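Working notes, beginning with the structure itself.
Protein chains in written order, with the working numbering: chain A, -15 to 233; chain B, 92 to 419.
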């Protein structure tokens, strides 16, 4: 079972986001970065499939800057076999990234192409299905469980209020949702081994996307908070406010 | 050239609530661009009849592909029809709901048409003839204003954000033949969850619980409150209680869960980690109940009660029940 896993380096979810002075980017100074959480489920799935099959190769792929090397090493430490860094700056447009990934993946043989269901920075949820179309492959997105038998994948996908089953023949694409598995932490042995694993780097030029960023701004301010009191005694006042002041009850 | 396509997501033979929002948003765009609204639906027999209701929100044309194989979502068929329509109409935009299905299909359409997609759009405008959208990034910790350079502009709109506007459209139904495509991806019917509550992203009122509730068996008090609030209300959860296995992941509100914009959000026993605040701060009204007066959740709340959830919530449930009873 050979897998390719596309991952992304993103600010940790507990990070405060500050807008850079040009109003077009996020201030990266002092921000803690990590592998996108959903990508960890994707990578764990690839490693488990390889371990169960007793053979195969897990390749991790990312589009990003020099600092993405650290995230690729983290993936190698978890158990990926080789890593590829496509060096380019990415923005809030998924298409140029999907095109670059599809070009890189096109000539690589694989059974399963995995992604996290979305990156928690641009929140696009676009790239997996875009790559599927660019490569003419079947895909299941937002996958919480996956079974593969005799070259056919059966994925359970989360939808509002329930689930649906998505079936396709390999090779195909799976975009992982939380719940697919429990990702492992890199072991000390894994971290040592990762240093010797191949990490290929190449510069790529992204195609121009159709979206132009005009401005990045902070979220709108919330109204001034009002503490209505303590304990059950404050409930009548709360209900009155909800009913009369903001009219939501 | 100025037409706008709206994708109608169907469930159980009827358009989902987000379909009305998509048609309304498409109508607003089409009016500014001087085009008409073409609503697109897929489903089994009777879909055209059900989709016709969307004329009331401004759909001028209804393109409906009916086939018994389309009762469940078929991405391969849908994307082929969108490709065909895009070639035929050269639309200015295609509006999808940012639902599970809408996000899957919109990204496939973007890949097929090699056009960029703006996901989870919360504001739409036309400036100098060009479509400009605002969408939250970093789960709403920041907002990006983006301009489409070319057409069609592909976008998915966040549920519960765009108003539903009644606006009679012609609603002329067209039924193109089922396209001849090889289905690479086969999707089965939707299995509904045990309890048929609304999805946390589509509910008008969300009651979320956190660690302060002390254990999964204590969720009863929140369920009673949700039941008292009525059918528009649903349950949510903090990341901590989902990670602890107390609640299903589908209920998780936050940066690594769902981002919600209900009209009323109750945060019960939730301290307010940054990633949680990111997921709910666009709610219209936020109510926080927490024992710790210093909890960061109070910074974003419209109204706060400092206190024990086990005292406050049952009292609140009683008060809501009385209100609902007196309203008849």
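Even for Gly, the Cβ is constructed at its ideal location relative to N, Cα and C. On a predicted model such as this, the values are computed, not experimentally measured, just so you know.
Between the Cα of residue i and the Cα atoms of the options, which residue gives the shortest distance?
i                      : options                       : result
residue 137 of chain B : B:106, B:346, B:96 and B:208  : B:106
residue -12 of chain A : A:79, A:184, A:157 and A:232  : A:157
residue 160 of chain A : A:27, A:119, A:172 and A:225  : A:27
residue 274 of chain B : B:170, B:392, B:252 and B:294 : B:170
residue 83 of chain A  : A:102, A:115, A:214 and A:201 : A:115
residue 226 of chain B : B:405, B:399, B:350 and B:396 : B:350
residue 113 of chain B : B:154, B:306, B:131 and B:103 : B:131
residue 208 of chain B : B:195, B:246 and B:190        : B:246
residue 189 of chain B : B:156, B:377, B:324 and B:97  : B:97
residue 333 of chain B : B:386, B:355, B:320 and B:305 : B:305
residue 277 of chain B : A:212, A:150, A:146 and A:142 : A:150
residue 152 of chain B : B:192, B:283 and B:121        : B:121
residue 101 of chain A : A:7, A:221 and A:21           : A:21
residue 109 of chain A : A:121, A:127, A:120 and A:93  : A:127
residue 93 of chain A  : A:19, A:58, A:85 and A:155    : A:155
residue 88 of chain A  : A:36, A:185 and A:0           : A:185
residue 325 of chain B : B:338, B:297, B:347 and B:337 : B:297
Please state whether DSSP places residue i in a helix, a strand or coil.
i                      : result
residue 261 of chain B : coil
residue 78 of chain A  : helix
residue 92 of chain B  : coil
residue 104 of chain A : coil
residue 120 of chain B : helix
residue 255 of chain B : coil
residue 289 of chain B : coil
State the Cα-Cα distance for the pair residue i and residue j, rounded to the nearest angstrom.
i                      : j                      : result
residue 188 of chain A : residue 52 of chain A  : 14 Å
residue 161 of chain B : residue 258 of chain B : 29 Å
residue 95 of chain A  : residue 137 of chain A : 10 Å
residue 311 of chain B : residue 291 of chain B : 18 Å
residue 302 of chain B : residue 77 of chain A  : 37 Å
residue 101 of chain B : residue 177 of chain B : 21 Å
residue 287 of chain B : residue 314 of chain B : 13 Å
residue 129 of chain B : residue 264 of chain B : 10 Å
residue 413 of chain B : residue 118 of chain A : 57 Å
residue 376 of chain B : residue 320 of chain B : 15 Å
residue 223 of chain A : residue 405 of chain B : 13 Å
residue 344 of chain B : residue 352 of chain B : 10 Å
residue -8 of chain A  : residue 143 of chain A : 24 Å
residue 185 of chain B : residue 244 of chain B : 6 Å
residue 202 of chain A : residue 393 of chain B : 19 Å
residue 130 of chain A : residue 23 of chain A  : 15 Å
residue 235 of chain A : residue 59 of chain A  : Missing from the structure shown is residue 235 of chain A; chain A here goes from -15 to 233 and no further.
Within this structure, are the beta carbons of residue i and residue j separated by less than 8 Å?
i                      : j                      : result
residue -14 of chain A : residue 69 of chain A  : no
residue 113 of chain A : residue 152 of chain A : no
residue 236 of chain B : residue 213 of chain B : no
residue 396 of chain B : residue 358 of chain B : no
residue 253 of chain B : residue 115 of chain B : yes
residue 67 of chain A  : residue 31 of chain A  : no
residue 148 of chain A : residue 135 of chain B : no
residue 356 of chain B : residue 374 of chain B : yes
residue 167 of chain B : residue 206 of chain B : no
residue 61 of chain A  : residue 175 of chain A : yes
residue 163 of chain A : residue 340 of chain B : yes
residue 411 of chain B : residue 233 of chain A : yes
residue 299 of chain B : residue 361 of chain B : yes
residue 143 of chain B : residue 262 of chain B : yes
State yes or no: is the beta carbon of residue i nearer than 8 Å to at least one beta carbon in chain B?
i                      : result
residue 201 of chain A : yes
residue 109 of chain A : yes
residue 88 of chain A  : no
residue 51 of chain A  : no
residue 168 of chain A : no
residue 76 of chain A  : yes
residue 19 of chain A  : no
residue 126 of chain A : yes
residue 162 of chain A : yes
residue 174 of chain A : no
I'd like to know whether the C-beta of residue i is nearer than 8 Å to at least one C-beta of chain A.
i                      : result
residue 366 of chain B : yes
residue 314 of chain B : no
residue 151 of chain B : no
residue 276 of chain B : yes
residue 318 of chain B : no
residue 283 of chain B : yes
residue 238 of chain B : yes
residue 271 of chain B : no
residue 393 of chain B : yes
residue 387 of chain B : no
residue 211 of chain B : yes
Can you list the residues of chain D that residue i reaches, using a CB-CB cut of under 7 Å?
i                     : result
residue -3 of chain A : Note that chain D does not occur in the displayed structure, where the protein chains are A and B.
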